[in-house]
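Residue numbers (my numbering): 33 to 298.
Where is the CB? At the ideal position from N, CA and C, for every residue including glycine.
Since the structure comes first, as structure tokens, the remarks are kept for the end.
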């Protein structure tokens, strides 16, 4: 399967295109082993990579994010051991650093020399990482759905529904000290893709309480105004560079403007 990854990257041109293709294939490959290991018995897929894999978000995403569901304990160490065994069998040279604490389980899988083998980097020493994170104490109120998706490998995902994923995105926009361009790109994509969508307010407000939000309770009445205020205050000069390298279509960067996003929120 490593040969398939290298062939996939070889068919692409340009640094970002090659890097994004390699990352996404490895994400799918790792997800397939996590699925076999039962990850969706205990967690739901969330975040930007979930939006891309499940709903076609036209930008690439860096991390694999999950939120715990139910009360059963997650054997994260065993799950990561399975992933690493399978990667080794497939011919990858990789190492994992795994951390488990009360609120987050995380792992960094570092691939040795893969960027050099794929023709992305001239340096054999340059490493490439995939980050995996499970929120073991997520805010309550999310709505779950099952989706069967075949993106390189068929997987039956348990995930947050669009309104709950949107709540996570709005939470990030309101809470981050420095807004990310990818958050505002995703916000605009949400508003264009799902006409009339609103965040899951129960989940959003629970998340804001966890984050010690000092602003108002968010509701159907005020959410657009509150988000518009955050959008207007963002440093738009820095936003484009944050998201540009991850866009599936580079020309989409022209859609990322304060005026366009505020108009969709009005």
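Burial is judged here by how many other beta carbons sit within 10 angstroms of a residue's own beta carbon; residue 224 has fewer than 16 and is exposed. If the five residues before and after residue 41 are omitted, its C-beta is found closer than 6 Å to the C-beta atoms of 50, 53, 54 and 150, all from its own chain and listed in chain order. By the C-beta density criterion, residue 229 is exposed, having fewer than 16 other C-beta atoms within 10 angstroms. According to the DSSP secondary-structure assignment, residue 163 is paired through a beta bridge with 95 and 140. A distance of 8 Å or more separates the beta carbons of residue 178 and residue 197. Distance between residue 162 and residue 79, taken at the CA atoms: about 14 Å. Distance from the Cα of residue 261 is smallest, within the candidate group 233, 276, 290 and 271, for 290.
Contact holds between the stretch 99 to 118 and the stretch 135 to 145, because three or more Cβ pairs, one in each stretch, are under 8 Å apart.
Per DSSP, residue 150 is not a residue of any beta strand (DSSP E), being assigned neither H nor E. Annotation for residue 75: the continuous beta strand (DSSP E) segment containing it runs 75 to 78. The stretch 244 to 255 makes no contact with the stretch 55 to 62; the number of CB pairs closer than 8 Å stays below 3. Judged by beta-carbon spacing, residue 82 lies beyond the 8 Å limit of residue 171, meaning their Cβ atoms are not closer than that value.
Taken atom to atom, the span from the alpha-carbon of residue 204 to that of residue 215 is near 7 Å. Three or more beta-carbon pairs drawn from the stretch 89 to 104 and the stretch 272 to 286 are found closer than 8 Å, and the two stretches are therefore classed as touching. For residue 185, the pairing in a beta bridge is given by DSSP as 183. The Cβ atoms of residue 250 and residue 258 sit closer than 8 Å to each other. Judged by their CB atoms, residue 220 and residue 296 are nearer to each other than the 8 Å cut-off.
Pairing residue 267 with residue 165 gives a Cβ-Cβ distance that is not under 8 Å. DSSP links residue 279 through a beta bridge to 91. Of the residues 103, 73 and 130, the one whose Cα lies closest to the Cα of residue 115 is 130.
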